[in-house]
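A short write-up of the structure that comes next.
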Amino acid sequence: MYTPSDLADLLECEHRSILKQALAAGIPGAPRPTSAPDRLAVKHGRAHEAATLGRLRSERTQVVEIEEHDPVVAAKATEEALRAGAPVIYQAVFHDGEFSGRADFLLRDDQGRYEVYDTKLARHAKPSAVVQLTAYADALRRGGWPAGPEMHLLLGDGSTRSLRVDDFLPLVDRLRDRLEDRPPQLPDRIWADERPACTGCAFAGHCSSAREADRDLSLVAGMRSEQRRKLATAGLGTIDALASAEPADRPRDMSEGTFASLRAQAAIQVRQDETGELAYEIIAPGALAELPEANPGDVFFDMEGDPYALAGTGLEYLFGAVTPDERFSPFWAHSRAQEKRAFEEFVDFATARLAEHPDAHVYHYAPYEVTAIKRLAAVHGTREEAVDELLRSGAMIDLYAVVRKALRVGQRSYSIKYLEPLYMPEARAGEVKTAVSSIEAYEDYLTLSSAGNTEQAEEVLRGIADYNEYDCVSTLRLHEFLHRVRAEAGIDLAEPDPESEVDALLRRTEEEEAAQRRAERAAAMAALVDPLLDGLPGDPADFTPDDHARALLAASVGYHRRETNPAWWEFFRQLAAPISDLEVDTTCAVPVSVTAGEWVPPSGRLRTAKRTLVVRCDPDRPHPYAPGDDVRLRYGADARDAKVVSATAVEVTLEESSAPDRTSNDLPAAVLPGSPVRPSPKDEAVADLARLAGETLPALPSHPGVDLLRRIPRLRGGLPEPGEDLVATVLTAVDQLDGSVLAVQGPPGAGKTYLAGKLIAHLVRSGRTVGVTSNSHKAVENVLSAAMENAPEMACAKRAKRTPDPALPWEQPKNNTALVRWREEHDTGHLVGGTAWTFANAAVREEPFDVLVIDEAGQFALADALAVSMCAKNLVLLGDPQQLPQVVQGTHPAGAEASALGHLIGEADIIPPELGYFLDLTRRMHPAVCAPVSNLSYAGLLHSHPTAERSIDGFPSGLYLASVEHRGNTTRSVEEAEQVVSAIKSLHGRSWEGRPLTDADFLVVAPYNLQARVVTRALSDAGFGDVRVGTVDRFQGQEAPVVVTTMTSSSAVDLPRGLDFLLSRNRLNVALSRAQSVAVLVCSPKLLEADIRTVDQMRLVSGMLGLLRDAREWID
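Position 836 of the sequence shown, counted from 1, bears residue number 836 in the numbering used here, the numbering being contiguous throughout.
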């Protein structure tokens, strides 16, 4: 017999689940809980449930309460209420001999179906609550009762979180199976590793003391799980063993530097444990020498944030600052609008002090504060220039980075709480002592405020303020301590480079001019944004469609500059970073060797000298570059431009460029990504749309970009109903567009490009001008080719990428001026292709196209769509948001980060019929491949066309699972590469459509470039060197009879980029939907035994489990 709580325990912590099962079974030696449930939380939870019951009694005609305590009797009473069709059943009991649970509420809908509603005091949906809710919903279905598709959490802030039951059922089934297959027993190790679920766990104290007693390696500060595993395998399983290890004891797969650092950390901790005296040592005197000296204008800064506030969107609720005289300035926020104001007040406070004291700094501990203020500046569209100046000027100093670089400390963590005994021996007072308890306290404050308990709520806030003030003072004391350590060690402060009076004057002039430019940009931004936001309701929940459009247009102003900011920050960071940091930076390459050719002086029209470099890289640290990439070569703090000519797994050939008077025979220390592209044409086009909208406020103009924002297409006569010939329906709909937007969602193999070709040919033949844009030249050219197949005679042009290609069938103007001239010469129907840069260009925009088609609109930024809409009378979006998502680098106001089609479709898997059309037949995937893909990404509504029912002779089509045991693999797995080779070998040469399968008929998808290289090498060694291998982004739009996907990582612990990346529904969709007949998933059986922390991660794991549940077992 299991309960919903048993399932939740197993989800959060298998160790807790095992201990509770052993305790319930009376197994000797089973530890007992060391803490009791929070009585206050229980009290408030019951009050929340009672309030919900009272509301339902007032709203519904009847509420049946199941009051029986005996579960058998209560289950029968519940069945009677269900049979009678009771509108509301309170405390419904399910008890079938295997499962027993009591749901808060069952509510009957208008169709006679029941859905589960559960009250939770928390203000956000937690995975444990969703597991329990799904268990109740599953019990309702398994009992044969009419059940709706959704389930609902009634949260403590009054909101309701509704979830699809089917999204979580595979995970609950897996948890149930694991419980049923496990007999009661004590684990081999009586404690578990620390994890988020330890907070509030009744066994947390037991595990903590047991870890201490066993002297586990997890006690070593900075120890990562994979390092711990390698050390334990090498026989160094305790902190004491590591501390006394010799260099020869180093695990073979761990670098000398890493081993030495971990061993030294263990040694100082053991010494502190043995002596009982706090221990620290200086490891980098230079880091202390670079620490700025104290200044009366200094600010010591700490923030408090609640990731669960405001319906899970998060809130930075306190910005705290202390000055050297220990004066505390708190800036509070309890709503999104207050968060903006508090952020502005803090930034203004800090910048005013820095203006008064130019040598002052803002000190904080750990990266959170910098990350948060960058995000807040972007999200709220305010103080962006001021924050940029704080970061560029070096005014923000992270003392955590200083400590980690300068000192080694004998504590088990480098959290500031653990460092405080070195300089603040007095213990922290008050109830709030950690960041987690601060969040919990703030949640208590919100609950008390909602209940009207103002006095208690204010007392909780005072406790949070005291905690934050202590953190700020602690940061001040740490700064003083570091200077004291420096002085006691005789380390002098670094002297700044001498500056002449002329240089100082030039520097000040440049700074003043830069400040003036920033002020002008901020004023220009405000002139565009403020009118759009003026008069909007304070709560977005109260927005009308026009209000949403105005807010989103305001958020899109400046999008492209925000999007390039991270690249520029990285640009300057990589120029200054130690080479050791670049060695582990996956966007860079540090050469093992460099071979340089002779410099060739410029000739003809060329103004730069060039030479060829061959850069060889460490095979274990692969480079990320491909032929044609622009890169920078780092020489000290300087860099020169280069282009990748060719690349193999370990070697890159480059053509370096330099001014003739700056050439040298020096060799580069690192290869860095190319300089970011300045996005001004696109930002200017969006600004022009904002100006156009501002002219008609409070109404909005009739414009395709505005209709896209409003999510309301306008057609003369309305949107035609889909007919049997959907292509003809779409052509009719586009003809009826009234200066608006239409969308078509085309899943893999559903004929999106075919439709585009037919549509464009129809439009151009009727005398209209058509543009085609997308994220890549290749995608644009693919659509142009499809159009010209339908109308070879049409006038067509696309700017040449670099030099004209005589093989292409369209005109190739060399620049935008030439393109505009070509259009003037072809003033009737014609077709023009280009990226967003072409259509955002001011000269091209002067004569808008009748129709602009945006291909791959699911990956095309909404802001890019707004920019190019200024070049169009009507927009047509073609794409699929369920495939690869749009790549977003910057931080933006809510909604502005969406793709064009993603914004239009919203949270739905399928485009709503009032917004456009869904191509529901794929001619690519066999029905046995299509079904799992359709269930994963298209709500089961994508089907196979009869022509797709093709199979490999003697081998059933469908999805297969090849399970491979391995441990410790992160971004490469030789074991899975061998399985990939085995799978291809078993199918190679079989008959497909009357011919044998060759290398060209196989496609291998890997999540990481390193695994792609491992697989490529293995296939080449096996004689399959022409099989296509790569990551999913390479294969969108391609297909093959057989697709093999290698998941690579051994377990969730080994994931280098998290569950959200590897199990992304979009990425899995793209990988599997390349297959025409057979799709093989190769993965470790431990991969899905994940430490799930969010509801979104639950959905991802459950989706993958659903795929595996429907897959056949692969047998070589």
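Glycine residues also receive a C-beta, built at the ideal position from the N, C-alpha and C atoms. Since we're looking at a predicted model, the values are computed, not measured.
Taking the CA atoms as reference points, residue 652 sits about 18 Å from residue 635. If you compare the alpha carbons of 1033, 982, 952 with that of residue 994, the shortest gap goes to 952.
Less than 8 Å divides the Cβ of residue 858 from the Cβ of residue 901. Annotated three-state conformation of residue 945 is coil, per DSSP. A Cβ-Cβ separation of about 7 Å places residue 139 in contact with residue 101 under the 8 Å criterion.
Put simply, of 789, 527, 903, 815 the residue whose alpha carbon is nearest the alpha carbon of residue 800 is 815. Taking C-beta atoms under 8 Å as the contact rule, residue 836 and residue 813 fail to qualify, at a distance of about 17 Å. Within a 10 Å sphere around the beta-carbon of residue 839 sit 16 or more other beta-carbons, which makes this residue buried. If you check the CB distance, residue 693 and residue 677 do not come in under 8 Å.
When the Cα atoms are used, residue 116 and residue 60 turn out to be separated by approximately 16 Å. Contact check for residue 90 against residue 68 fails: the beta carbons are separated by 8 Å or more. In its chain, beyond the 5 residues on either side, 644 have a beta carbon closer than 6 Å to the beta carbon of residue 629.
Under DSSP, residue 617 shares a beta bridge with 591.
The secondary-structure analysis by DSSP pairs residue 610 across a beta bridge with 600, 657. Contiguous beta strand (DSSP E) elements confined to the segment 747 to 823 occur at 769 to 773, 796 to 798, taking only those with 3 or more residues. With the rule of 3 Cβ pairs closer than 8 Å, the segment 848 to 858 counts as touching the segment 895 to 911. For the options 203, 369, 312, the alpha carbon positioned closest to that of residue 193 is the one of 203. Setting aside the 5 residues that flank it on each side, residue 560 is surrounded in the same chain by 679, 682, 683, each with a C-beta closer than 6 Å to its C-beta; the list follows chain order.
Within the model, the alpha-carbon separation for residue 107 versus residue 926 is close to 40 Å. In the structure shown, residue 643 falls within a strand segment according to DSSP collapsed to helix, strand and coil. Beta-bridge annotation (DSSP): residue 1030 is paired with 1005.
With a 10 Å radius around the Cβ and a threshold of 16 neighbouring Cβ atoms, residue 824 comes out exposed. By the criterion of a C-beta distance shorter than 8 Å, residue 50 is surrounded by no residue of its chain, once the five residues flanking it on both sides are discounted. Residue 238 carries a strand assignment under DSSP once its states are collapsed to helix, strand and coil.
Secondary structure at residue 481: helix, using DSSP grouped into helix, strand and coil. Assignment of residue 65 by DSSP, reduced to helix, strand and coil, places it in the strand class. Residue 1106 sits in a helix when the DSSP states are folded into three classes. By the CB criterion at 8 Å, residue 5 and residue 185 fall outside the cutoff. With a cutoff of 8 Å on beta-carbon distance, residue 591 and residue 631 are scored as not near each other. In this structure, residue 1104 lies away from residue 1082, with their beta-carbon atoms at least 8 Å apart. Going by beta carbons, residue 1080 and residue 1114 fall inside the 8 Å limit. Between the segment 729 to 737 and the segment 758 to 768, the count of C-beta pairs closer than 8 Å reaches three or more; the two stretches touch. The alpha-carbon separation between residue 922 and residue 545 amounts to approximately 34 Å.
Measuring C-alpha to C-alpha distances from residue 602 to each of 646, 568, 660 identifies 660 as the nearest. The beta carbon of residue 963 lies closer than 6 Å to those of 1085 in the same chain, with the five residues before and after it left out. Between the beta-carbon of residue 360 and that of residue 298 there is about 5 Å, and that keeps the pair under the 8 Å contact cut.
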